[in-house]
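As they're listed, the protein sequences go chains P and X.
Counting in our numbering, the first sequence runs from -1 upward without gaps.
Counting in our numbering, the second sequence runs from 352 upward without gaps.
C-beta atoms are modelled at their ideal positions from N, C-alpha and C, and glycine is treated no differently.
The structure presented is a predicted model; accordingly, all values stated were derived computationally and were not measured.
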Amino acid sequence: MSDPARVTGTYYELFNLPLTFELDLSELGRRYRDAVRRVHPDRFAAAGDQEQRAAVERAAALNEAYETLRSPGRRALYLLNLQAPLEEEATVQDPEFLFQQMEWREELEELGERADFAAIDAFKKRLASFRKEVDDEFAQTWQDPATRTDAERLVRRMQFLDKVLYEVGQLEERLDDF
Amino acid sequence: MALVQIVEPDTPPVPGQPRLAVGIDLGTTNSLVATVRNGQAVPLPDNDGRHALASAVRYLKDSSISVGRDASQCASCDPFNCILSVKRLIGRGVEDVQQLGEQMPYKFSAGESHMPLIETVQGAKSPVEVSAEILKVLRSRGEQALGGDLFGAVITVPAYFDDAQRQATKDAAKLAGIKVLRLLNEPTAAAVAYGLDRQAEGVTVVYDLGGGTFDVSILRLSQGVFEVLATGGDSALGGDDFDHVLADWIIQQSGSSTDLSPSEQRKLLRVACDLKEALSQAATVSVSYAGWQGELTRCQFEALIEPLVSRSLRACRRAVRDAGIDIGEIDAVVMVGGSTRVPLVREQVARLFECQPLTDIDPDKVVSLGAAIQADILAGNQSGSSDLLLLDVNPLSLGLETMGELVEKIIPRNTTIPVSRTQDFTTARDGQTAMALHVVQGERELVSACRSLARFELRGIPPMVAGAAKIRVTFQVDADGLLSVTARETRSGVEAHVEVKPSYGLSDEEVSRMLEDSLEHAEDDRRARGLREQQVNAERLLETVQAALQADGDLLSEKERAEVDQQLEQLEQLSRTDDQGAIARQIQKVNQVTHEFASRRMDATVRRAFAGRQLEEI
Chain P
-1 MSDPARVTGT
9 YYELFNLPLT
19 FELDLSELGR
29 RYRDAVRRVH
39 PDRFAAAGDQ
49 EQRAAVERAA
59 ALNEAYETLR
69 SPGRRALYLL
79 NLQAPLEEEA
89 TVQDPEFLFQ
99 QMEWREELEE
109 LGERADFAAI
119 DAFKKRLASF
129 RKEVDDEFAQ
139 TWQDPATRTD
149 AERLVRRMQF
159 LDKVLYEVGQ
169 LEERLDDF
Chain X
352 MALVQIVEPD
362 TPPVPGQPRL
372 AVGIDLGTTN
382 SLVATVRNGQ
392 AVPLPDNDGR
402 HALASAVRYL
412 KDSSISVGRD
422 ASQCASCDPF
432 NCILSVKRLI
442 GRGVEDVQQL
452 GEQMPYKFSA
462 GESHMPLIET
472 VQGAKSPVEV
482 SAEILKVLRS
492 RGEQALGGDL
502 FGAVITVPAY
512 FDDAQRQATK
522 DAAKLAGIKV
532 LRLLNEPTAA
542 AVAYGLDRQA
552 EGVTVVYDLG
562 GGTFDVSILR
572 LSQGVFEVLA
582 TGGDSALGGD
592 DFDHVLADWI
602 IQQSGSSTDL
612 SPSEQRKLLR
622 VACDLKEALS
632 QAATVSVSYA
642 GWQGELTRCQ
652 FEALIEPLVS
662 RSLRACRRAV
672 RDAGIDIGEI
682 DAVVMVGGST
692 RVPLVREQVA
702 RLFECQPLTD
712 IDPDKVVSLG
722 AAIQADILAG
732 NQSGSSDLLL
742 LDVNPLSLGL
752 ETMGELVEKI
762 IPRNTTIPVS
772 RTQDFTTARD
782 GQTAMALHVV
792 QGERELVSAC
802 RSLARFELRG
812 IPPMVAGAAK
822 IRVTFQVDAD
832 GLLSVTARET
842 RSGVEAHVEV
852 KPSYGLSDEE
862 VSRMLEDSLE
872 HAEDDRRARG
882 LREQQVNAER
892 LLETVQAALQ
902 ADGDLLSEKE
912 RAEVDQQLEQ
922 LEQLSRTDDQ
932 GAIARQIQKV
942 NQVTHEFASR
952 RMDATVRRAF
962 AGRQLEEI
């Protein structure tokens, strides 16, 4: 495994993992824990200031790499960026998904008013299964430059789904607070 | 010539000569110091054999300061000068303190940077200074027990402490002359103590209900890495609140006046606390107060505290969600803090987590024991790769104030630390050379609903056309959970100078000033240090001379030897006394008396070497 103390290559190279979208998360976790044991600032607690500062930076970089690869949405974005920089501001046309987005937003609002935990759970499950489809499709399309636009569209969908799931979490928290 | 040993600075500890390190639990009501001895974490007692040090500081008219039980016992008779529960104040602002007002009878004034100062008979004291007094006692206890200067300490803080509270704790340690190896979250410390005990991989929940704060942490132990999955809590909820609820009930039942003097308040809280503790053992307890007598059943008590316990469970559920796990994945639940002895708390926690809580390690000591273990590791006393590594998270989201007084989150809560995030900014006006960033902590969207952390002023941006500069700001949270900000204009590569104006903290100058003040007043401290140093010097000298006598004692005549032995014995006896001056003088005497011996030894060594060379040449 490449030296975890120097984050020069890609996040994949850092963990010595093949460059694919599908990832064995438990293997990633194992390699992460192995690496962080060596670079964490706690290993340098008795060392000088310079070494400690450097350790903080290295560990932060390692954590960032792990966080990115761990989340499918961030991983997808990362992979696309590796191939060619993604323009953050560009709007991608995705009319059919737009409709789905509006439906989900409405449903979320209704759930907010009803405080029905079972319904929220069912909603989450539906989102999760839709998410799986998007992930699978992305795995097929991201590497081929010919299907780049499709891949970008899929990444946007992932981001939207992440956002909705986050908002569902917020809703659950709000409801719990009563 | 005196016999001298030279040791190089910063050499790794020699096996058998570990670095002296301790773990400190700086609690709201009680504090402890512990260390690892012979591979076992043990709490260090005071001269009376007690482990807990009451977190009470009393400022007396004669300029002396009393810390501990004596101070806490005077709380009723001298309420303004006996500072209890200072942990509730550290790192907080004047407004926060006003909210706690009724619970804290002290006279407050506002210091610089919104820090509340407590008016005492020795002048205005900041919570940082008060906490430093507690830490000084613990440090001295550690040094006495371990027989030398401390290399450093791990100090625990509630997981839910924000940046200001953490920084203030570090400042207090600095004032007390302690090198902080790590600020460790209390639940993580408890998990370490249990984790090592049980050596089991899996998911652990730590439910930590201290006197003044509630923390819940969810951790996973795997491959020797203790990873915090999520942390939550309520920094204004604690066992003390149970006492207050009972106090209110007593007032109500007894028909007593609610207008109590501070010392009456303290007395009432004492009665309430005793009542709470008694109800953990008995189903019905009788209570008397101000001539009134009554009875309280456990059932009634539970009804009274139920809303508080509920609040803690809500924080628990949020942590479980944040951790992204199901309740079924939880393997163990650990209880920390004296108030977890209350039966209702144990029942409800067991029900929520579907797991019987572990309590076998004393819930009052477990945090300091975990801290001691971590201190031992960080001091380098344990061998490298088999160490446990603790990966903690930031408890509160960090955000920046943006247009419209909204918050944009830069680092979400429960992100593994250390963490580093960058954000690009640009200038709004032509020639703009400075920029201000307001960093807040919290989960809400409005700046006013979050906690102001600090204002960072970036200066030295090269003047350019508006919008041309690209300023990359890096937000870094270190392993202690403290934020630092650096900024660089990427086109020119110029590093901006960042000035931090903490919202509720001490500036570097304030800390330096306090350090100087404390040194002036530290006559006793200095004298104690001086004495200890002389005693150590005496011990070392005795060892070296005795070793030299073993090797080359034959270089002395009988009479000379008798003289040396006599002076050594004197030194040994004096080293056990308090008389610093006498010890120093006797050290001189021993050096004088062994001066001749030392030169003879040197001659003999040279002769031996010379003889050796001659033999070789032949």
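- Each residue's CA atom was taken as its position, placing V622/X and V638/X some 8 Å apart.
- H595/X sits in a helix when the DSSP states are folded into three classes.
- Between E759/X and G750/X, the CB-CB gap stays under 8 Å.
- Against E85/P, chain X offers no close residue; the least beta-carbon distance is about 15 Å (beta-carbon pairs closer than 9 Å).
- Measuring C-alpha to C-alpha distances from V684/X to each of V567/X, Y855/X and N389/X identifies V567/X as the nearest.
- G503/X: not part of any alpha helix (DSSP H); member of the beta strand (DSSP E) spanning G503 to V508, first to last residue.
- By the Cβ-count criterion, C433/X is buried, with 16 or more other Cβ atoms from all chains shown falling within 10 Å of its own Cβ.
- Look at the stretch 752 to 778 of chain X: the residues with a C-beta under 7 Å from a C-beta of chain P are T767, P769, V770 and S771.
- Remark: C-beta atoms of D585/X and C624/X do not approach each other more closely than 8 Å.
- Using a C-beta cut-off of 8 Å, the stretch 402 to 411 of chain X makes contact with the stretch 427 to 447 of chain X, since at least three inter-stretch Cβ pairs fall below that distance.
- From the listed residues I724/X, D559/X and V798/X, the smallest Cα separation to T691/X is found for D559/X.
- Under the three-state reduction of DSSP output, C433/X falls in the strand class.
- The C-alpha of T520/X is placed about 11 Å away from the C-alpha of P509/X.
- Listed by position along chain X, the residues whose Cβ is nearer than 9 Å to that of E55/P are P769, S771 and Q827.
- The beta carbon of L125/P sits closer than 7 Å to those of L159, V162 and L163, all from its chain and outside the five residues before and after it, given in chain order.
- Sequence-distant partners of A787/X (beyond 5 residues in either direction) whose C-beta falls short of 8 Å from its own C-beta, in its chain, are R806, F807, E808 and L809.
- DSSP, read as helix, strand or coil, puts Y855/X in coil.
- Put simply, the CB of R668/X is near chain P, with a gap under 8 Å to one of its CB atoms.
- For N381/X, DSSP records a beta bridge to A405/X.
- Ranked by how close their Cα comes to the Cα of R927/X, the residues I812/X, L893/X, K458/X and Q604/X have L893/X in first place.
- Secondary structure at E446/X: helix, using DSSP grouped into helix, strand and coil.
- For the pair M466/X and R443/X, the Cα-to-Cα distance works out to about 7 Å.
- Within 10 angstroms of the beta-carbon of V472/X lie fewer than 16 other beta-carbons, which makes it exposed.
- The beta-carbon distance between L23/P and R68/P, rounded to whole angstroms, is 7 Å. This is short enough to meet the 8 Å contact definition.
- Residue pairing for S637/X: DSSP places it in a beta bridge opposite E646/X.
- Listed by position along chain X, the residues whose Cβ is nearer than 7 Å to that of A113/P form an empty set, because the closest Cβ is around 15 Å away.
- In the structure shown, the three-state DSSP call for S573/X is strand.
- Judged by their CB atoms, A541/X and V744/X are not nearer to each other than the 8 Å cut-off.
- The C-beta separation of V54/P from P658/X comes to about 41 Å, leaving the pair out of contact by the 8 Å criterion.
- The C-beta of A82/P has fewer than 16 other C-beta atoms within 10 Å across all chains shown, which makes the residue exposed.
- The beta carbon of E135/P does not come within 8 Å of any beta carbon belonging to chain X, so the residue lies off that interface.
- For G167/P, no beta strand (DSSP E) segment is defined; the enclosing uninterrupted segment is the alpha helix (DSSP H) at R146 to D174.
- Residue environment for A59/P: buried (at least 16 other C-beta atoms within 10 angstroms of its C-beta).
- In this structure, the straight-line span from the alpha carbon of G642/X to that of A422/X is close to 27 Å.
- Under the DSSP assignment, K476/X falls in the beta strand (DSSP E) whose first and last residues are G474 to K476.
- At a cut-off of 8 Å between beta-carbon atoms, A830/X makes contact with chain P.
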